[in-house]
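Chemist:
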Amino acid sequence: MPTSGSYFHLHLVSDSTGETLITVARAVAAQYANVTPVEHVYPLVRSQKQLDRVLDEIEEAPGIVLFTLLEKDLVGRLEAKCQQINIPSLSIIGPVMQLFQAYLGAATTGRVGAQHTLNAEYFKRIDALNYTMMHDDGQHVEGLEEADVVLVGVSRTSKTPTSIYLANRGVRTANVPLVPGIAIPHQLETLTKPLVVSLHATPERLIQVRQNRLLSMGADRGNDEYIDRQSVADEVAFARRLSAKFNWAQLDVTRRSIEETAAAILKLFTDRQKQRLPE
Numbered sequence: 035m036p037t038s039g040s041y042f043h044l045h046l047v048s049d050s051t052g053e054t055l056i057t058v059a060r061a062v063a064a065q066y067a068n069v070t071p072v073e074h075v076y077p078l079v080r081s082q083k084q085l086d087r088v089l090d091e092i093e094e095a096p097g098i099v100l101f102t103l104l105e106k107d108l109v110g111r112l113e114a115k116c117q118q119i120n121i122p123s124l125s126i127i128g129p130v131m132q133l134f135q136a137y138l139g140a141a142t143t144g145r146v147g148a149q150h151t152l153n154a155e156y157f158k159r160i161d162a163l164n165y166t167m168m169h170d171d172g173q174h175v176e177g178l179e180e181a182d183v184v185l186v187g188v189s190r191t192s193k194t195p196t197s198i199y200l201a202n203r204g205v206r207t208a209n210v211p212l213v214p215g216i217a218i219p220h221q222l223e224t225l226t227k228p229l230v231v232s233l234h235a236t237p238e239r240l241i242q243v244r245q246n247r248l249l250s251m252g253a254d255r256g257n258d259e260y261i262d263r264q265s266v267a268d269e270v271a272f273a274r275r276l277s278a279k280f281n282w283a284q285l286d287v288t289r290r291s292i293e294e295t296a297a298a299i300l301k302l303f304t305d306r307q308k309q310r311l312p313e
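Taking the working numbering, the leading residue of the sequence shown gets 35, the next gets one more, and so forth.
(1) What ranges does the alpha helix (DSSP H) occupy inside the segment 207 to 294, keeping only unbroken runs of at least 4 residues that lie completely in it?
(2) In terms of DSSP beta bridges, what is His-43 paired with?
(3) Among the residues of its own chain, which have a CB less than 8 Å from the CB of Tyr-41, if the five just before and after it don't count?
(4) Measuring alpha carbon to alpha carbon, tell me which residue in Asp-107, Tyr-76, Arg-87 is nearest Phe-101.
(5) Tell me, to the nearest whole angstrom, how far the beta carbon of Thr-226 is from that of Ala-201; I am working on the premise that it is less than 8 Å.
(6) Taking the Cβ atom as the reference point for each residue, do Ile-126 and His-45 lie within a distance shorter than 8 Å?
(7) Straight-line CA distance for His-74 to Leu-103?
(8) Could you please give the first and the last residue of the uninterrupted alpha helix (DSSP H) stretch that includes Val-109?
(9) Determine the DSSP secondary structure at Thr-54, reduced to helix, strand or coil.
(10) Would Leu-212 and Leu-276 qualify as a contact pair, given that the criterion is a beta-carbon distance under 8 Å?
(11) Using only the alpha-carbon positions, how far apart do Leu-112 and Met-131 sit?
So this is what it looks like as structure tokens:
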């Protein structure tokens, strides 16, 4: 059994991209701070020959096996091998599919990678990504009205990564930096369609992130305004005044991950959409 400071092998076997497995596995593994998973990811396992190679690697490095396989023969062989070498295995989607089938009273289609079909939702995400990349960091402000969400904030409030995350969910997202002494684009003052969200963080957090950014760039800016405590505090106050003036939604990202920030924005966006639905 794993002990403090040890590691364990985690085998993730999928007949598709493996994204579902990786997300679930990492969410659970994060709850165990004293053990480190060594991930072995096997995507696109769709034949007996491909599975043979996977089984050889599992036998060489026994550990937990999680899988998302739809082909019953592959599932049977994988589970039998795990029982033979006495290691745990679990289908991540199997119980969920059984629940759906029991409730809906219908059989599954058995289509591998069905969630990645090139349908309208897929092309919506691609369109959102294209829009977001074009409207990053205050570019092409003339097109802000076409956004679903516009993020504003001072430097290092995670505007760009949050925008990209939202775009991957199909939300057309633009972001505009707020800089004291520089007028905001007039387009930002008159938006009616997009939800405008102002991202904030404490001066201490911003200084920490900015210092790390400077170090990663090999820059030496000393004690200039970018990381000066009073200057950063003034930036934060400036952003909050603007937010109050234009009635923008405000979100403190000091202790939020990108995923948590995006989730909060999606909720604001969904609630706003509901309010706008005709009676």
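Ideal placement from N, C-alpha and C gives every residue a C-beta, glycine not left out.
Modeler: From the atom records:
(1) 220 to 223, 237 to 251, 263 to 280
(2) Residue 43 sits at position 9 when you count from the first residue of the sequence shown. His-43 is bridged to Val-72, Gly-97.
(3) For this step, residue 41 is matched to residue 7 along the sequence shown. Result list for Tyr-41: Val-69, Thr-70, Pro-71, Val-72, in chain order.
(4) Reading the sequence shown from its first residue, position 67 is the one you call residue 101. Closest option to Phe-101, Cα to Cα, is Tyr-76.
(5) Taking the sequence shown and counting its residues from 1, one reaches residue 226 at position 192. Taking the sequence shown and counting its residues from 1, one reaches residue 201 at position 167. About 21 Å separates the two Cβ atoms, so there is no contact after all.
(6) Indexing the sequence shown from 1 puts residue 126 at position 92. Indexing the sequence shown from 1 puts residue 45 at position 11. Not in contact: Ile-126 and His-45 (Cβ atoms no closer than 8 Å).
(7) Counted from its first residue, the sequence shown places residue 74 at position 40. Counted from its first residue, the sequence shown places residue 103 at position 69. The straight-line gap separating the alpha-carbon atoms of His-74 and Leu-103 is approximately 16 Å.
(8) Mapped onto the sequence shown, residue 109 falls at position 75. Element bounds for Val-109: 106 to 118.
(9) Within the sequence shown, numbered from 1, the residue matching residue 54 stands at position 20. Thr-54: helix per DSSP, three-state reduction.
(10) Mapped onto the sequence shown, residue 212 falls at position 178. Mapped onto the sequence shown, residue 276 falls at position 242. Taking 8 Å as the Cβ cut-off, Leu-212 and Leu-276 qualify as a contacting pair.
(11) For the purposes of this step, residue 112 is identified with residue 78 of the sequence shown, where counting begins at 1. For the purposes of this step, residue 131 is identified with residue 97 of the sequence shown, where counting begins at 1. Rounded to whole angstroms, Leu-112 to Met-131 spans 19 Å at the Cα level.
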